[in-house]
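Note sheet for the following structure.
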Amino acid sequence: MTPSFSGQLINLLAALLLLIAFAMLSQRRILSLIYLFAWQGFVLVLSTTIVAYSTGQHHLYYSAALTLILKVFALPWILHRLIIRLNIKWDVETLINIPTTMLLGIVLVIFAFNLALPISQLASTVTRNTLGIAMACVLLAFLMMITRRKAVPQVVGFLAIENGLFFAATSATYGMPMVVELGVALDVLVGTFIFGIFFFQIRETFDSLDIHHLEKLKED
Amino acid sequence: MELIILLGVPLAGGLLLALFGHKERAAELNSLMSFLTFVAAAFLTAKIIRDGPIKVWDENFFIDSFNVFLVALTAFVGFTTSLFSRPYMRNEHHAGKLNPSRLRLYHSMFQLFMFTMLLALLTNNMGILWVAMEAATLTTVLLVSLYRTPASLEAAWKYFILCGVGIAQALFGTILLYFAAERVLGGGGGSLLWTHLNDVKGQLEPTVLSLAFVFLLVGYGTKVGLAPLHNWLPDAHAEGPTPVSAVLSGLLLNVALYAVVRAKVLVDGALQTHFAGNLMMGFGLFSVVVGAFFLSRQKDVKRLFAYSSIEHMGIVTFAFGMGGSVATFAGLLHMTVHSLTKSAIFFTVGHAAQKTGTQLIANIRGLVDTNPAIGWGLMLGSLAILGMPPFGVFASEFLILTTAMHEHPWATPILLVSLGVAFAAIFSRVQEMVFGETTGKRLPHSPAMVPVFVHLGLVLMLGLFIPPYLADWYRQAAALIG
Chain A
3 MTPSFSGQLI NLLAALLLLI AFAMLSQRRI LSLIYLFAWQ GFVLVLSTTI VAYSTGQHHL
63 YYSAALTLIL KVFALPWILH RLIIRLNIKW DVETLINIPT TMLLGIVLVI FAFNLALPIS
123 QLASTVTRNT LGIAMACVLL AFLMMITRRK AVPQVVGFLA IENGLFFAAT SATYGMPMVV
183 ELGVALDVLV GTFIFGIFFF QIRETFDSLD IHHLEKLKED
Chain B
3 MELIILLGVP LAGGLLLALF GHKERAAELN SLMSFLTFVA AAFLTAKIIR DGPIKVWDEN
63 FFIDSFNVFL VALTAFVGFT TSLFSRPYMR NEHHAGKLNP SRLRLYHSMF QLFMFTMLLA
123 LLTNNMGILW VAMEAATLTT VLLVSLYRTP ASLEAAWKYF ILCGVGIAQA LFGTILLYFA
183 AERVLGGGGG SLLWTHLNDV KGQLEPTVLS LAFVFLLVGY GTKVGLAPLH NWLPDAHAEG
243 PTPVSAVLSG LLLNVALYAV VRAKVLVDGA LQTHFAGNLM MGFGLFSVVV GAFFLSRQKD
303 VKRLFAYSSI EHMGIVTFAF GMGGSVATFA GLLHMTVHSL TKSAIFFTVG HAAQKTGTQL
363 IANIRGLVDT NPAIGWGLML GSLAILGMPP FGVFASEFLI LTTAMHEHPW ATPILLVSLG
423 VAFAAIFSRV QEMVFGETTG KRLPHSPAMV PVFVHLGLVL MLGLFIPPYL ADWYRQAAAL
483 IG
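Here the protein sequences come in this chain order: A and B.
Residue numbers for the first sequence follow the numbering used here, beginning at 3 and rising by one.
Residue numbers for the second sequence follow the numbering used here, beginning at 3 and rising by one.
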């Protein structure tokens, strides 16, 4: 694979990541949201593998494998199980309507590209152009967390932020040191378990997973 | 050797108590583990004071005056909190608020929380620092929702989401830091080691580092409770069990601020400007104002002191932001006395709330009549936290204010007004709670007042006289972070 060809491929995958991020933002069904999250993880694995192959950075193979296990299989599976156990059928409610959210998303993408510009000019990696996209993914996931009312989409948004950050690490520096990546993966996994425990606690107490029940503690 | 015990004991304690945390003697085991941790911390401190900074295990752990001072403080407050939690949790159990499995969760997570904080303090790797900070959130989030009341679930959810998103910003900051470091140090594990970064900080790319610092400050600042990122803090403090409020307020906030200061040292070296300091001063001052003015609106006693924590962390952040040997010295002193005083206050408040069965200030009355130790403990603790002489808080606030007058005169009136507002708000409420008419009931397990008076005694001592070796130690740490 010539460098320019792999560069093209990575750019294509980065574009796919951004597309999935937008799709998640507009998705109303919880199950589809989780599938999209799994697909985003898969695209991440592909791009990480291509970066690893084209640059000879072998430790990236390990992080690709870790991502594959954790974000493509384990986390979506846990979330899927949770949804079935909790018997969630309803669709996702949003605070602002979806077209407005998409427009906000576009503004965020432009902002992300501007923010990333000075950094990507300094980067020496083949993937530097994708740093802006990575930041955009982080911000879009952030927007998703803000605009969703239910607990599960908020968690998916939280995990998508982590995806974006992982992509940023790969594209700016060919990944963080292995020990750090392992630590981050462990935190994400434990975090998801705790979220799961939470779902049951919230459900037990409120009989619903709508987080507007969780807005009582206001300043008075 | 000390390091193995220091990290190994709380980790082993966490696992052990996960199995036996519901047994009759679990609270004693918890205290014993915390005591061993404290002893190891004391030995480590003595060693660092004697031999200077050390790097251990392929430089993965780095201990200097700055972090060993926080390690000692963390282990000490952890130990006294475990002493306090023994009768406190028994009373809660007696009142039927907790069942054995939740008690087990509590004891296990308490030890694991101590482990994550010590790991965050001792590690030399900025990436592991992030991992440990996130793990500290994960261990405490289920403790905040321990009572499973609607309010506590909401507080824990808010804590989890806000701190999770906040700390994600810090991860991006760490990535940027690594990005800058890689260009100088090359790839691999070594480039995130703080000591290596510190050696080459003059060559790190200034634009990247300033952006990294913004993300790190916002990320870790969320955990420090800096306004306007402080929303999780009062809820988490008010709804969790009181020992958890004490360690969150007294220790976690310090550790998060420690992470910010470590980053500031690098950024200052790379930028050669006062950019990081100015940002910290801005956030610090805003937190002082927000903390102080929200105080007067609080009806819940634990929320009241949570806002006071925001105010005091603001003061410390402001002091570190000003920089210079005097302000940094005062900042370190203020960290110590705040942590000791605030945990002592939470101990008394916890028992007072158990006695009266409520956390509402309006329903807590006449503590001095029904239990003089709790009443006077709360009164003295509040006077100490409000900066009354001769307590140590007065000394550190005095130093910070005089430095501010000298270097940033515009900030002084803001600080003074905020401190005045805080005084009026807290003092009037505490006076009503301590004196006044009431009929109280006896607690089934007598309250642990020894930790309260030990803490207040130390704060008093720090206000009257700082032992020379302690002053030296603070000075060394202040010189390190300048």
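Note that beta-carbon positions come from the ideal geometry of N, C-alpha and C, so glycine has one too.
Please read these numbers as outputs of a predicted model, since none were measured by experiment.
Would you call the CB atoms of residue i and residue j closer than 8 angstroms?
{"i": "Val351 (chain B)", "j": "Ser398 (chain B)", "result": "no"}
{"i": "Phe78 (chain B)", "j": "Pro12 (chain B)", "result": "no"}
{"i": "Val131 (chain B)", "j": "Val73 (chain B)", "result": "In the sequence as displayed, the identity of residue 131 (chain B) is Leu instead of Val. Cβ atoms of Leu131 (chain B) and Val73 (chain B): not closer than 8 angstroms."}
{"i": "Gly177 (chain A)", "j": "Ser56 (chain A)", "result": "no"}
{"i": "Leu458 (chain B)", "j": "Ala346 (chain B)", "result": "yes"}
{"i": "Ala294 (chain B)", "j": "Ala406 (chain B)", "result": "no"}
{"i": "Ala354 (chain B)", "j": "Ile376 (chain B)", "result": "yes"}
{"i": "Lys57 (chain B)", "j": "Asn126 (chain B)", "result": "yes"}
{"i": "Ile135 (chain A)", "j": "Ala170 (chain B)", "result": "no"}
{"i": "Val395 (chain B)", "j": "Val461 (chain B)", "result": "yes"}
{"i": "Leu48 (chain A)", "j": "Leu88 (chain A)", "result": "no"}
{"i": "Arg88 (chain B)", "j": "Ala29 (chain B)", "result": "yes"}
{"i": "Ala248 (chain B)", "j": "Phe348 (chain B)", "result": "yes"}
{"i": "Val226 (chain B)", "j": "Leu259 (chain B)", "result": "yes"}
{"i": "Val224 (chain A)", "j": "Ala114 (chain A)", "result": "Nothing about residue 224 (chain A) can be reported from this structure: the residues present for chain A run from 3 to 222 only."}
{"i": "Ala183 (chain B)", "j": "Leu206 (chain B)", "result": "yes"}
{"i": "Gly252 (chain B)", "j": "Ser341 (chain B)", "result": "yes"}
{"i": "Leu46 (chain A)", "j": "Phe200 (chain A)", "result": "no"}
{"i": "Glu94 (chain B)", "j": "Ala42 (chain B)", "result": "no"}
Buried or exposed for residue i, going by 16 or more other Cβ atoms inside 10 Å?
{"i": "Ser103 (chain B)", "result": "exposed"}
{"i": "Asp302 (chain B)", "result": "buried"}
{"i": "Leu120 (chain B)", "result": "buried"}
{"i": "Asp222 (chain A)", "result": "Confidence in Asp222 (chain A) is poor, its pLDDT being 45 and thus under 50, which makes the residue's placement unreliable; the coordinate value appears in the next sentence. When all chains shown are included, Asp222 (chain A) counts as exposed."}
{"i": "Leu211 (chain B)", "result": "buried"}
{"i": "Val190 (chain A)", "result": "buried"}
{"i": "Asn280 (chain B)", "result": "exposed"}
{"i": "Arg83 (chain A)", "result": "exposed"}
{"i": "Thr151 (chain B)", "result": "exposed"}
{"i": "Gly129 (chain B)", "result": "buried"}
{"i": "Gly58 (chain A)", "result": "exposed"}
{"i": "Glu206 (chain A)", "result": "exposed"}
{"i": "Met451 (chain B)", "result": "buried"}
{"i": "Leu17 (chain B)", "result": "exposed"}
Grab me the residues of residue i's own chain with a C-beta within less than 7 angstroms of its C-beta, minus the 5 sequence neighbours each way, in chain order.
{"i": "Leu77 (chain A)", "result": "Leu161, Thr194"}
{"i": "Tyr476 (chain B)", "result": "Phe331, Leu334, Leu335"}
{"i": "Thr50 (chain A)", "result": "Leu62, Ser65, Ala66, Thr69, Thr172"}
{"i": "Ala278 (chain B)", "result": "Phe215, Lys266, Val269, Asp270"}
{"i": "Glu490 (chain B)", "result": "The structure shown has nothing for residue 490 (chain B), since chain B only spans 3 to 484."}
Using DSSP with H/G/I as helix, E/B as strand and the rest coil, what is residue i?
{"i": "Asn127 (chain B)", "result": "strand"}
{"i": "Leu85 (chain B)", "result": "helix"}
{"i": "Asp371 (chain B)", "result": "helix"}
{"i": "Ala195 (chain B)", "result": "Sequence inspection shows Leu at residue 195 (chain B); the Ala mentioned does not correspond to that position. Strand."}
{"i": "Val202 (chain B)", "result": "coil"}
{"i": "Leu97 (chain A)", "result": "coil"}
{"i": "Phe63 (chain B)", "result": "strand"}
{"i": "Ile22 (chain A)", "result": "helix"}
{"i": "Leu362 (chain B)", "result": "strand"}
{"i": "Lys57 (chain B)", "result": "strand"}
{"i": "Asp209 (chain A)", "result": "coil"}
{"i": "Arg151 (chain A)", "result": "coil"}
So, is the C-beta of residue i closer than 8 angstroms to a C-beta in chain E?
{"i": "Thr175 (chain A)", "result": "Among the protein chains in the structure shown, which are A and B, there is no chain E."}
Given residue i, which residues of its chain have a CB within under 6 angstroms of its CB, disregarding the five upstream and five downstream residues?
{"i": "Leu21 (chain A)", "result": "none"}
{"i": "Val297 (chain B)", "result": "One detail in the question is off: residue 297 (chain B) reads as Leu in this sequence, not Val. Result list for Leu297 (chain B): Tyr309, Ala424, Ala427, in chain order."}
{"i": "Leu11 (chain A)", "result": "Ile52"}
Taking 8 angstroms as the limit between beta carbons, can you name the residues of its chain near residue i, skipping five residues before and five after?
{"i": "Phe202 (chain A)", "result": "Leu88"}
{"i": "Leu155 (chain B)", "result": "Ser147"}
{"i": "Ile363 (chain B)", "result": "Gln300, Lys301, Asp302, Val303, Leu306, Arg431, Glu434, Met435"}
Checklist entry - How about the stretch 97-107 of chain A and the stretch 14-31 of chain A: do they share at least three Cβ pairs that are nearer than 8 angstroms? => result Segments in contact, yes.
Next on the checklist: Does the structure place the stretch 232-242 of chain B close enough to the stretch 303-321 of chain B that three or more beta carbon pairs sit under 8 angstroms?
Outcome noted: Three or more pairs of CB atoms, one per stretch, sit closer than 8 angstroms, so the stretch 303-321 of chain B contacts the stretch 232-242 of chain B.
Checklist entry - Do the stretch 55-68 of chain B and the stretch 417-434 of chain B touch if we need at least three Cβ pairs shorter than 8 angstroms? => result Verdict: no, contact absent.
Item to check | Cβ contact check for the stretch 199-217 of chain B and the stretch 171-179 of chain B: 3 or more pairs under 8 angstroms | outcome: Because the criterion of three Cβ pairs below 8 angstroms is met, the stretch 199-217 of chain B and the stretch 171-179 of chain B touch.
Next on the checklist: Pairs of beta-carbons, one from the stretch 117-126 of chain A and one from the stretch 144-163 of chain A, closer than 8 angstroms: are there three or more?
Outcome noted: Three or more beta-carbon pairs separated by less than 8 angstroms are not found between the stretch 117-126 of chain A and the stretch 144-163 of chain A, which leaves the two stretches without contact.
Checklist entry - Are the stretch 282-297 of chain B and the stretch 403-421 of chain B touching by the rule of at least three beta carbon pairs closer than 8 angstroms? => result Between the stretch 282-297 of chain B and the stretch 403-421 of chain B, the count of C-beta pairs closer than 8 angstroms reaches three or more; the two stretches touch.
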